[in-house]
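This note's numbering numbers the first residue of the sequence shown as 12 and each following residue consecutively. We put the beta carbon where it would ideally sit given N, CA and C, even for glycine. Report on the structure given below.
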Amino acid sequence: MSWIKNIFETIVGSEDFSELKSSKFRDFLNGSILKKRFIQKQYGLLILIAVLIFIYIDNRYTCESQITREIKLKKELQDVKFESLTISAELTTLGRRSYVLNYINEQGLNLKESPVAPIIITAPGEENEKALKDSLTKLNAKKDTTTSIAVD
């Protein structure tokens, strides 16, 4: 603590500080305070402080503009997500079996629903070939029975 007191006493006892201490508010207003020796020694520090203030202001402006851009992009993303969700729901509705059948009937098209389930085609292999042959024989057997029933 004694070293702080020594520094304080040195500053207070110096001629530069006593000259600054005797300054009045009028000296500050007319700019003659800048001619005081104590202030002249601090010109570099004052310039550094001014530069740092400008950098701080520029940084703040840049950050605010980035934040506003981010908020705008988030809102746009949310709008696009809602639009995508709406379109997906509409496509789901349009692709439903009941909707397609109603649409076909409204348009007066001569289309009917197939009574036979679709055949799933898979990659060739021994097991797949056997299953495919079994499916085809069952399908052919159904066709034969349906034609005989229709004739009776």
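- With respect to S146, I130 sits close: the two C-beta atoms are nearer than 7 Å.
- Following the DSSP letters along the chain, one finds K85 inside the alpha helix (DSSP H) bounded by residues 54 to 106.
- For I130, the secondary structure class from DSSP, reduced to helix, strand or coil, is coil.
- DSSP, reduced to helix, strand and coil, places E20 within a helical segment of the structure shown.
- Remark: C-beta atoms of L122 and I115 approach each other more closely than 7 Å.
- The alpha-carbon separation between I68 and G55 amounts to approximately 20 Å.
- Secondary structure of N113 (DSSP, three-state): helix.
- Each residue's CA atom was taken as its position, placing I58 and N17 some 28 Å apart.
- When secondary structure is reduced to three states using DSSP, L122 falls in the coil class, being assigned neither helix nor strand.
- Spanning the alpha carbons of L102 and A128 requires a straight line of approximately 24 Å.
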